[in-house]
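Okay, so here's the structure we're looking at.
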Amino acid sequence: MSSLLQRVRSWRHGLKFAKKGKHCRFQGRELEIEGHVEVGNHCRFRDHVIMRTHGNGKIIFANHSGCSYFCYIEAEELVQIGSNTAITEFCVIRDTNHMIYGTDHHWVLTPHITKPIIIGDNAFVGSRTYIHPGVTIGDGAIIGVGSVLVEDTQVGPYEIWAGMPAKKIAHRTRDVPPHKLKEAQERIAREGLRQFRYEDLQPED
Numbered sequence: 005m006s007s008l009l010q011r012v013r014s015w016r017h018g019l020k021f022a023k024k025g026k027h028c029r030f031q032g033r034e035l036e037i038e039g040h041v042e043v044g045n046h047c048r049f050r051d052h053v054i055m056r057t058h059g060n061g062k063i064i065f066a067n068h069s070g071c072s073y074f075c076y077i078e079a080e081e082l083v084q085i086g087s088n089t090a091i092t093e094f095c096v097i098r099d100t101n102h103m104i105y106g107t108d109h110h111w112v113l114t115p116h117i118t119k120p121i122i123i124g125d126n127a128f129v130g131s132r133t134y135i136h137p138g139v140t141i142g143d144g145a146i147i148g149v150g151s152v153l154v155e156d157t158q159v160g161p162y163e164i165w166a167g168m169p170a171k172k173i174a175h176r177t178r179d180v181p182p183h184k185l186k187e188a189q190e191r192i193a194r195e196g197l198r199q200f201r202y203e204d205l206q207p208e209d
């Protein structure tokens, strides 16, 4: 794709947001935005991402975060995603669900359950994850591929969760197997750390 076409697409997609930071990149022709969506600086969104809000709902991305292909995010109250956080392919994040417990009425007729979803800084949400209302994911946490985080799940900072329903399986810095700890220390010493996730991107706007 030519640089000019990329810039035109980024400009066109940028108009869809309630607030948009600087130097964001929107890669692909399909980006559907309905309602109030805010993104910070240096955010990146790939193709076929859908984000919708209803009423006073808001979706907010902090700096250096973004979504990969075919993600769906919906908010009636709040979905908030911290800085340097990745939402990877085919994820669904919805702060609203049908009420099914405590009644035998048809689920279409029952009130909705709506609770904010908060995802912290430096988190990673693996492909095909489904996040239900009321979920909180702490800073630096990792959610494994294909996980389902049921209503009100609380993921602590730097914890690793996976499964259906998701459960804590490890911690990134506590009780790490010695060989894994050694490998991490050696690679970081040899290769160093990047300052930002998307530091290689050139400004688009």
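Count the sequence shown with the numbering used here and you get residues 5 to 209, in order. Using N, Cα and C, we set each Cβ at its ideal position, and we do this for glycine too.
- The three-state secondary structure of residue 9, taken from DSSP, is helix.
- Between residue 117 and residue 97 a beta carbon distance of about 15 angstroms is seen, past the 8 angstroms cut, so the two are scored as non-contacting.
- Of the candidates 114, 195, 107, 163, 163 places its Cα closest to the Cα of residue 123.
- CA-CA distance, residue 132 to residue 147, rounds to 10 angstroms.
- With distances taken between CA atoms, residue 87 lies nearest to 70 out of 81, 76, 70.
- Cβ contact annotation for residue 92 (same chain, cutoff 7 angstroms, sequence separation greater than five): 72, 129, 130, 131, in chain order.
- The Cβ atoms of residue 43 and residue 57 do not sit closer than 9 angstroms to each other.
- Residues 147, 159, 172 of the same chain have their beta carbon placed closer than 6 angstroms to that of residue 165, with the five preceding and five following residues left out of the count.
- In terms of CA proximity to residue 75, 36 leads the group 36, 106, 29.
- Between the alpha carbons of residue 17 and residue 107 lies a distance of about 43 angstroms.
- In the three-state scheme derived from DSSP, where H, G and I count as helix and E and B as strand, residue 187 is classed as helix.
- The DSSP-derived three-state label of residue 48 is strand.
- By alpha-carbon distance to residue 78, the top candidate from 89, 68, 53 is 53.
- Taking the CA atoms as reference points, residue 39 sits about 26 angstroms from residue 9.
- Taken in chain order, the complete beta strand (DSSP E) segments of 3 residues or longer contained in the region 23-48 are 35-38, 41-43.
- Minimum Cα-Cα distance from residue 85 among the listed residues 135, 151, 155, 179 corresponds to 135.
- Runs of the beta strand (DSSP E) spanning 3 or more residues and lying entirely within the region 110-179 occur at 116-118, 121-123, 163-167, 170-175, in chain order.
- Taken through DSSP and simplified to helix, strand or coil, residue 102 comes out as strand.
- Annotation: residue 66 is outside any beta strand (DSSP E) and is labelled neither H nor E by DSSP.
- Using a 10 angstroms sphere on the CB of residue 126, the tally of other CB atoms reaches 16 or more, which defines it as buried.
- Residue 89 has no beta-bridge partner at all, per DSSP.
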